[in-house]
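Trainee:
2 protein chains.
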Amino acid sequence: MNQSFHILNGKDFKSIGKAMLQGWFGLEKENVRVNAKGEMARTSHPWVFGNKNTHPYFTTDFSESQLEMITPPQESISEACDFLKVLNDLFYENVEGEYLWPQSMPPVLPSSDEIPIAQYGEEGRDKEAYRNYLGRVYGRPMQMISGMHFNFSLSESLLRRLFAAQSGMASLEEFKEQLYLRIVRNFLRDRWFLLLNSGASSSAHESFEGCCLKESCAADNGVYSCPEALSMRSSPFGYTNREHMVMDYSSFQAYDASVQRLIEEDFVSLEKEIYLPIRLKFVEKDGKRIFSHLEVRILDLNPFSSAGVSKDMLYFTHLFLLYGMMKEEYESFGPEQQLQASENQYQASVKGMNPALELTDSSGKKQAAGSLAEALLKDMEKKVSFLFEDNLCYREAFEKSKEQALNPEKRAAYRVRQEILAKGYVEFHMEQARKARQLSLEQAFRFHGKEDMELSTQLLMKEAVLRGIRIDIMDREENFLRLLRGKREEYVVQATKTSLDTYSGVLKMENKIVTKDILEQAGISVPAGESYSDAGSAKADFPLHEGKAVVIKPKSTNFGLGITILKENCDRDVYERAVEIAFQHDRSILVEEFVEGKEHRIFVVGDQVVGILRRVPANVQGDGRRTIRELVEEKNQDPLRGKGYRTPLERISLGEAEQIFLSGQGFCFETVPEKGKVVYLRENSNISTGGDSIDCTDDVSQSYKDLAVKAARAMGVKITGLDMIIKDIRQQAAPGNYSVIEMNFNPAIHIHCYPYVGKNRRLNASILDALGFPAAKMKEQQT
Amino acid sequence: MNQSFHILNGKDFKSIGKAMLQGWFGLEKENVRVNAKGEMARTSHPWVFGNKNTHPYFTTDFSESQLEMITPPQESISEACDFLKVLNDLFYENVEGEYLWPQSMPPVLPSSDEIPIAQYGEEGRDKEAYRNYLGRVYGRPMQMISGMHFNFSLSESLLRRLFAAQSGMASLEEFKEQLYLRIVRNFLRDRWFLLLNSGASSSAHESFEGCCLKESCAADNGVYSCPEALSMRSSPFGYTNREHMVMDYSSFQAYDASVQRLIEEDFVSLEKEIYLPIRLKFVEKDGKRIFSHLEVRILDLNPFSSAGVSKDMLYFTHLFLLYGMMKEEYESFGPEQQLQASENQYQASVKGMNPALELTDSSGKKQAAGSLAEALLKDMEKKVSFLFEDNLCYREAFEKSKEQALNPEKRAAYRVRQEILAKGYVEFHMEQARKARQLSLEQAFRFHGKEDMELSTQLLMKEAVLRGIRIDIMDREENFLRLLRGKREEYVVQATKTSLDTYSGVLKMENKIVTKDILEQAGISVPAGESYSDAGSAKADFPLHEGKAVVIKPKSTNFGLGITILKENCDRDVYERAVEIAFQHDRSILVEEFVEGKEHRIFVVGDQVVGILRRVPANVQGDGRRTIRELVEEKNQDPLRGKGYRTPLERISLGEAEQIFLSGQGFCFETVPEKGKVVYLRENSNISTGGDSIDCTDDVSQSYKDLAVKAARAMGVKITGLDMIIKDIRQQAAPGNYSVIEMNFNPAIHIHCYPYVGKNRRLNASILDALGFPAAKMKEQQT
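Protein chains in written order, with the working numbering: chain A, -2 to 780; chain S, -2 to 780.
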């Protein structure tokens, strides 16, 4: 065998340490769309996902009813899996009345000729023709078998480190080629093992026409269910070529040659028709075929995981690939060995649950599958366990997979079959689909795996994914994104810092004095007041402000820091102290009249008001029965409420501040408020202390919206969160009944999307519209 | 008399305190342009000042050769005077071979019909016609007499305070009217006194044709010089109407009526032909005539002050106006009193230096001018001295004026006459003009009165003034400007934060990781390296960086803080310490290869490189004679070098750091370097530690300029200061011989305008061009 097998030994890999886990990870998942009865949906690909020829995340597989979701490469398995969850979430948020069938084997299918081939329009005539050909050759029902593909490549820096740790090869390119080929060969040799854990398709609905499993098991209660099988999908009766495909895995060039031979000899029509359990993937670059990544195709959909696959399964698969890289090769991998490996796969897929199953070992001898599995696990653990030290999730995934491999009743295939037997094929899978849908809708405000980023950014990214926009996270801590679609490229920071606003526009908003000047000149009411750049002058002007209601605040800070409100400015000492506090936060301060009314956040994008919110201090409404403590506990159950700004609303605390505020009203936590009475637990209305956000976009008089847009125009800004005090939102705006307090250049969008009361104003959509990334448009319904 | 005279008494004014000095102050100055011989220039109004019909700062008065400079209203006298200095500076910086004649009486004039009337083109036909009329009525030479106008109004908040301190009047408007009218009446009564200090035109050149002073004094040595006179300009032979103008000063309406009467009765053709020593100025607003400000017109040009007037004279004039507000009125101010007041003015202007001069007092009695002056000073001091407490400049101005008033030989008129007698009329004034020119050119890098603002902003404002752009300082501490011309409005912060750049563009530049990503993708060389967001990973990667030349730096800071350069990264402890230091300045850091070469700052505006600088550490060049200390002292004489960033270059220190660095080379401050040898006093090249800025815009290969523009385009930014390491600026750019280190979003412009070596690259002009405020264009020379 090739010398490269021996240039890296166990010690070399260990020297790389945890960097061995660095890589790029992607997932592709197919699901047949179904109606609530578990019947294949006959609707077109959802229009909301736009053009299936170009959308990077949502397209169709063989059938118009077979949704394919694709994650971009991610830096961790966890993120890839989470990205897939986001795609699931987007399906359920945007498609009414349909479900994703969570099983590789199809749902209730119509007759073969009623299975619709995916329609690609003018630009996708080839794709349709290819699918028609597939339908003819393999039968449409077989093409409805769905699965999970796991894309994987090593990180460039890991490759460089590995290359540096060896000395046998002079070229990084050649080294890389041999490394990946070794992974592929070892993967193919041992792939039967993966089925023990990933196999989850031992049953099929009776409508799965032409199912060859009829031969091995009879339909019972509308389902073909094989007690010994792990994966019908990976069996000879599943999603496989009709012939055995022999390839040359000694070099990329030799591999290509074998692909060409299969096509020339009419075994297949295209490379992608070669249904191997792992594929070498290449991209064209400057006319050359460059290796891109490996595609693992053997994983069944797992109905128990809302994402279709568990993270544990993916961690284990990753370890399995790395094991393939580290494992010595003592034999070649020619046609005979390849046939034997396929045979092992078929045996395991059809009879993997049979404890007496025998497989062929590397020396060609029959051995009990159980002892082969034990030996493999032992060798694998020896080689990969150095990676467990700082990576508990990999250790746990390994332990779990080991347990499942060695205990058949813990395997997914077994558990799925038990559920089907208990609940029925359709009902069990639909129950899982309904659970997945419920989970998606409850978590709609998050972008799974990016929870460390701001909620506003998470929501913007979700909408970007829906619209088929590629997202590059340029700087994660700073919520710095690049959005790309077609020729359009935009950079967005913290969801609202964009190219729509000019730098000077932002600096105008940041400076309260400048903002006031400009608004005043534009004829918009702002609080009357004076600015001061030294405490002495501010203090000396006490007589000017005496007896009035005033706000004393720093010139440029946000978040309300350093602001004092004096409802009646009578005590010189108090006034002077407030001046000092404000000066602790800025070099200049404002002393302004205090304007009576309620503060509203008016969100403007371009020339439009896209949302208006009012914030209300933490509160509960009595029912005449429960205590304040119980009412708070109930209110805190809302999934929108969490801790630490990871949710659109925060839980109400029952702390000292709340206790004091209640006792001021003669209440305590055990008070039972009368029915309908609203009890406030705080004075301040911040969302961060349990306040409620009340959407009132539709309730505010148009005149205030016009003023907000006028203000944005006067300032020359496109995105702004304008804070306006309004005496009565139903009254027509007039000088004296409103006042603009400030204009924020980085306003949060999530509070308008998931308010406590009111509907989702979809500000993430508004911002993408403004940035020139329009949403998909509904077309004439296709059938 | 009107009751309003008594509604405010001394105590009321004192209660206002130093706020009494709040107001708006503006200056208008006329100068005849002359050639080096002191002859009236026969050139057109300088084209660089654009359209004289619309330029807010530079226009012409009567004659094409008579430049008029106008300051906008300023918040202090000091700033108004300084703004005027800026206008002078701009004249000398932009007009070659001409001077501003620093005397109210004209320079060497040609014959009357050769004095060119100002040309205003099609749009200014009326103005030319009016000037032709003036030339006919008063003679062109008389119209060449030039002066200084001082515009003044009380601040709105002072007016409100004064209004609040009285109770006699219910309407603020009426109160304001009576207050200003009292100032005017008292000013007119006492105006003769101002001539004692401001009079500076007791002589005229013999070419001043038709000079009526011929009657009172004969020409001697080419000059009419009247020993007793203070101001020919304010005399009956000067810039005055031929008839006495009687007005009604009891109300604005009455005043307007008297203006109309004078026009109807053909005494004058327009209101502005009424040459009163103080004018009430109004503006039209919504069809109404609204009072705007007072215009004091009695001040002569002072040849000793480069701005044409001393600040002391202006402070005193301000006090004099406030005195007019505070002074009780016991008599009315009818036609007889007005005639008497004019007579006193004429007497003082022609005979003010005669110790025996008598004037008419308020009761109509003749009194010695000296004792009237003493009485006035005593009363004035009593009334205004409460303002001196925190305002030393007002106290000093008062004391100085008092001394001049009481000691004739200290007056400007006397001193000017002495100089003329000693040096000749033309030579003395030209000497002053040359001094003013010299001063202007030396200080070209500053905007007088705005020295607290950044040099870059000062330079931008100067260019804006030259181009006739109105400047509103929105926030002085932040160098926040609004620029206005015609319909164009732009906001600029710190000279380079503008609307040209988008917010996301700026955020890209601010983030070094993002910048590198984008440049790399665009095929531009950047230092290879890794970014880290935790110190642990950065430290663990020591082997990756070991033995190489590396730079360890925080991700987002400017100013070089937290950056360590390790020319050979061999010591793990040193490396780890450098990582820690970088993390003290940011949450993420970069470890990059150190690129050999010299760092160049390439300034890009739009698609153009507008300046390239190299910085060199503080150094001196030996002459084989002087010590390092002496060479430093000489180098520090350069007016471009100062302390504390108020000048384009900083002085070289002779401190400990320099001493240590020299001793490393075996030198001390007393070493005498050989001729031509360059001795460096610091390792770092910062301008702030005495480094030199070397302009090399014309020396750098076009290929690097193309790269800089390409980088700006890739980043989508318009204004950037790109730092590029270049091995050899004459070599063609190629990967490996350059590297882009960072792109600054707020680069200084002054260092490119006033480099140590090289020419002014006028980046202030480039930025205004880019902002859509083009400069005036040279027209076909007019004659």
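We put the CB at the ideal spot given by N, CA and C, even for glycine.
Assuming the contact rule is C-beta atoms closer than 8 Å, residue 494 (chain S) and residue 500 (chain A) should be a hit. Round their C-beta distance to whole Å, please.
Mentor: The Cβ separation is near 5 Å, so the contact holds.
Trainee: Secondary structure at residue 678 (chain S), three-state DSSP: helix, strand or coil?
Mentor: Of the three classes helix, strand and coil, the one that applies to residue 678 (chain S) here is coil, per DSSP.
Trainee: Using a Cβ-Cβ cut-off of 7 Å, state whether residue 471 (chain S) counts as contacting chain A.
Mentor: Interface residue, yes.
Trainee: Taking 7 Å as the CB-CB cut-off, is residue 503 (chain A) touching chain S?
Mentor: Closer than 7 Å: yes.
Trainee: Look up residue 20 (chain S) in the DSSP assignment and give the residues it is bridged to.
Mentor: Its beta-bridge partners are S:151.
Trainee: Output needed for residue 105 (chain A): all residues of its chain with C-beta closer than 8 Å, excluding positions within five of it in sequence on either side, in chain order.
Mentor: These residues qualify, in order along the chain: 31, 34, 35, 36, 37, 202, 204, 423.
Trainee: If you reduce the DSSP assignment to three classes, tell me which class residue 8 (chain S) lands in.
Mentor: The answer is helix: DSSP assigns residue 8 (chain S) an H, G or I state.
Trainee: Could you say which of S:531, S:56, S:147 lies nearest to residue 117 (chain S) if we only look at CA atoms?
Mentor: Measuring from the Cα of residue 117 (chain S), the nearest candidate turns out to be S:56.
Trainee: Could you tell me the distance, in whole angstroms, from the CA atom of residue 770 (chain A) to the CA atom of residue 482 (chain A)?
Mentor: When rounded, the distance between both Cα atoms is 8 Å.
Trainee: Given a limit of 7 Å on CB to CB distance, which residues of the region 484 to 509 of chain S reach chain A?
Mentor: Residues 488, 489, 490, 494, 495, 496, 498, 499, 500, 501, 502, 503, 504, 505, 508.
Trainee: Which residue comes first and which comes last in the beta strand (DSSP E) that contains residue 844 (chain S)?
Mentor: No information on residue 844 (chain S) is available, as it lies outside the stretch -2 to 780 that chain S covers here.
Trainee: Would you kindly work out how many angstroms separate the C-alpha atoms of residue 536 (chain A) and residue 572 (chain A), rounded to a whole number?
Mentor: If I take the Cα positions, the gap works out to 8 Å.
Trainee: Hey, is residue 511 (chain S)'s beta-carbon within less than 7 Å of any beta-carbon in chain A?
Mentor: Taking Cβ atoms only, chain A reaches closer than 7 Å to residue 511 (chain S), which makes this a yes.
Trainee: Using a Cβ cut-off of 8 Å, pull out every chain A residue sitting near residue 584 (chain S), in sequence order please.
Mentor: Residues of chain A passing the Cβ test: 474.
Trainee: Could you give the DSSP three-state label for residue 464 (chain A): helix, strand or coil?
Mentor: In the structure shown, residue 464 (chain A) sits in coil (DSSP, three-state: anything other than H, G, I, E or B).
Trainee: Since residue 24 (chain S) and residue 81 (chain S) are thought to touch, with beta carbons under 8 Å apart, how far apart are those beta carbons, to the nearest angstrom?
Mentor: About 5 Å separates the two Cβ atoms, so the contact holds.
Trainee: Could you tell me which uninterrupted beta strand (DSSP E) segments, each at least 3 residues in length, are contained entirely in the region 586 to 616 of chain A, listed from first to last along the chain?
Mentor: 586 to 590, 595 to 602, 605 to 613, all fully within the region 586 to 616 of chain A.
Trainee: Output the distance between the C-alpha atoms of residue 50 (chain A) and residue 128 (chain A), rounded to the nearest integer angstrom.
Mentor: Taking the straight line from one Cα to the other gives about 14 Å.
Trainee: I need the DSSP call for residue 639 (chain S), collapsed to helix, strand or coil.
Mentor: Strand at residue 639 (chain S).
Trainee: Tell me, which residues are paired with residue 741 (chain S) by DSSP?
Mentor: Answer is S:718.
Trainee: To test your reading of the DSSP string, which unbroken alpha helix (DSSP H) runs of 4 or more residues are found completely within the region 327 to 392 of chain S?
Mentor: The region 327 to 392 of chain S contains these whole alpha helix (DSSP H) runs: 332 to 348, 366 to 381.
Trainee: Have a look at residue 402 (chain A) and residue 612 (chain A) and give me their C-alpha separation to the nearest angstrom.
Mentor: If you take the alpha carbons of residue 402 (chain A) and residue 612 (chain A), they lie about 55 Å apart.
Trainee: Sort out for me which residues DSSP pairs residue 664 (chain A) with in a bridge.
Mentor: DSSP, once it has assigned bridges, lists no residue as partnering residue 664 (chain A).
Trainee: Give a yes or no on whether the C-beta atoms belonging to residue 617 (chain A) and residue 601 (chain A) are separated by under 7 Å.
Mentor: No, the pair does not count as a contact, with Cβ atoms beyond the cut-off.
Trainee: When burial is assigned at 16 or more other CB atoms within 10 Å of the CB, is residue 217 (chain S) buried or exposed?
Mentor: Under this definition residue 217 (chain S) is an exposed residue.
Trainee: Between which two residues does the alpha helix (DSSP H) holding residue 526 (chain A) run?
Mentor: Here residue 526 (chain A) belongs to no alpha helix (DSSP H); instead the beta strand (DSSP E) covers 526 to 529.
Trainee: Pull up the distance between the alpha-carbon of residue 674 (chain A) and that of residue 620 (chain A), whole angstroms please.
Mentor: Rounded to the nearest angstrom, the two C-alpha atoms are 8 Å apart.
Trainee: Is it buried or exposed, residue 341 (chain A), if we count other Cβ atoms within 10 angstroms and call 16 or more buried?
Mentor: The residue is buried, with at least 16 neighbouring Cβ atoms inside 10 Å.
Trainee: Assuming residue 432 (chain A) and residue 380 (chain A) form a contact by the criterion Cβ under 8 Å, report the distance between their Cβ atoms to the nearest whole angstrom.
Mentor: Wrong, their Cβ atoms sit about 38 Å apart, outside the cutoff.
Trainee: What do you get for residue 826 (chain S), buried or exposed, if any count of 16 or more other CB atoms within 10 angstroms of its CB means buried?
Mentor: No answer is possible for residue 826 (chain S): the residues shown for chain S start at -2 and end at 780.
Trainee: Can you pull the chain S neighbours of residue 530 (chain A), defined as C-beta to C-beta under 9 Å?
Mentor: Within 9 Å Cβ-Cβ: 473, 474.
Trainee: Output, in chain order, the set of chain A residues within a Cβ distance shorter than 8 Å of residue 477 (chain S).
Mentor: Under the 8 Å cutoff, chain A gives 504, 508, 511.
Trainee: Could you compute how far the alpha carbon of residue 399 (chain S) sits from the alpha carbon of residue 541 (chain A)?
Mentor: Cα-Cα distance, rounded: 36 Å.
Trainee: Three or more C-beta pairs under 8 Å: does that hold for the region 296 to 306 of chain A against the region 406 to 424 of chain A?
Mentor: Enough Cβ pairs lie closer than 8 Å, so yes.
Trainee: CB residue 437 (chain A) to CB residue 91 (chain A), shorter than 7 Å?
Mentor: No. Outside cutoff.
Trainee: Under the rule that 16 or more other beta-carbon atoms within 10 Å means buried, what is residue 449 (chain A), buried or exposed?
Mentor: The residue is exposed, with fewer than 16 neighbouring Cβ atoms inside 10 Å.
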